[in-house]
Amino acid sequence: MIIKSHVRGGYRAAADYLKQQGKNESVRLVEISDTSARNLDEAFRNMWMVGRTTRCSKPLHHVSINPHKDERLTDDQVRKICERLEEKFGYRHGDHQRVIIEHIRDGRQHFHVIWNRVSMRTGRPVWPGQHWNKSKQAAREMEAELGLKRPEPRRGKKARSRPKMRARKKSARGSRADVQGAHAPAEKIIAAPSAATGMSSTVRHSADIHRSFYRQRAGRFTIY
Numbered sequence: 548m549i550i551k552s553h554v555r556g557g558y559r560a561a562a563d564y565l566k567q568q569g570k571n572e573s574v575r576l577v578e579i580s581d582t583s584a585r586n587l588d589e590a591f592r593n594m595w596m597v598g599r600t601t602r603c604s605k606p607l608h609h610v611s612i613n614p615h616k617d618e619r620l621t622d623d624q625v626r627k628i629c630e631r632l633e634e635k636f637g638y639r640h641g642d643h644q645r646v647i648i649e650h651i652r653d654g655r656q657h658f659h660v661i662w663n664r665v666s667m668r669t670g671r672p673v674w675p676g677q678h679w680n681k682s683k684q685a686a687r688e689m690e691a692e693l694g695l696k697r698p699e700p701r702r703g704k705k706a707r708s709r710p711k712m713r714a715r716k717k718s719a720r721g722s723r724a725d726v727q728g729a730h731a732p733a734e735k736i737i738a739a740p741s742a743a744t745g746m747s748s749t750v751r752h753s754a755d756i757h758r759s760f761y762r763q764r765a766g767r768f769t770i771y
């Protein structure tokens, strides 16, 4: 089972997305927690009424629940998954409006769940923290409790990434070597000595740099 999570805004757009048939073979309303709402439009209007008093720009929390292609979830199982997600996200049960929609596409079942992050009890939005990680944790826990299949890792994903990683490491080593060469100390570069002073031009230039540096230190050092 795969659970994807993101925080969003737009009450009307969310309602239109859940209602539209699109490429889905069927769209079914599973639950509206707000007993005063008779349909999705009224449910999201009531969410807007609760959240409009805040300055929260993304008051909705959208989660998609995707079971394995060979499995079908019952409505009770979906509600249990939602309750576990609410525990992870810090949504007190009954304080946050929730809608659940089932979509069937290409014969495969998936669910959309949207919460209003603004609490009806406190009137303040609740931030779910690292909700993407919490969604994965809830998926692993509910797979074990409900006897569901874990998603299979994509074959060849690591094999395809290894050549890229080698190329990146090789490029990084080459870049570090170039940088080290560009910043090599001037004293290591040997030049022909001058007949007048017996010093190479590179060494004289290095000494001039050090002399100007120490002078800038307000006389803390003296060069003889």
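Per the numbering used here, the very first residue in the sequence shown carries number 548; after that it's consecutive. Glycine included, C-beta positions come from ideal geometry on N, C-alpha and C. If you're wondering where the values come from, they're calculated on a predicted model, not measured in any experiment.
Note to self: When you measure from the CB of residue 551 to every non-hydrogen atom of the ligand ZN, does any distance come out below 6 Å?
What the structure shows: With respect to the ligand ZN, the structure shown offers nothing to examine, as it has no ligands at all.
Check: Which whole runs of the alpha helix (DSSP H) in the region 575-650 are 4 residues long or more, in chain order?
Finding: 587-598, 622-636
Margin query: Please classify residue 567 as buried or exposed, where buried requires at least 16 neighbouring CB atoms within 10 angstroms.
Written below: exposed
Item checked: Alpha-carbon spacing of residue 673 relative to residue 637, whole angstroms -> 7 Å
Next item on the list: Return the chain-ordered list of same chain residues with a C-beta closer than 8 Å to the C-beta of residue 735, the five sequence neighbours on each side being excluded.
Entry: The predicted model places residue 735 with a pLDDT of 47, which falls under 50 and marks its position as unreliable, so this point remains unresolved.
Note to self: Which residue marks the beginning of the alpha helix (DSSP H) containing residue 687, and which one marks its end?
What the structure shows: 678-693
Margin query: With distance defined between alpha-carbon atoms, name the residue in 655, 581, 657 nearest to residue 643.
Written below: 581
Checklist line | Inter-residue spacing [alpha-carbon to alpha-carbon] between residue 572 and residue 619 | finding: 15 Å
Notebook entry, point to check: Can you tell me whether DSSP reads residue 566 as helix, strand or coil?
Noted result: helix
Margin query: Quick check on residue 559: does DSSP put it in helix, strand or coil?
Written below: helix
Item checked: Contacting residues, own chain, Cβ-Cβ under 6 Å from residue 548 (five flanking each side not counted) -> 614, 686, 690, 695
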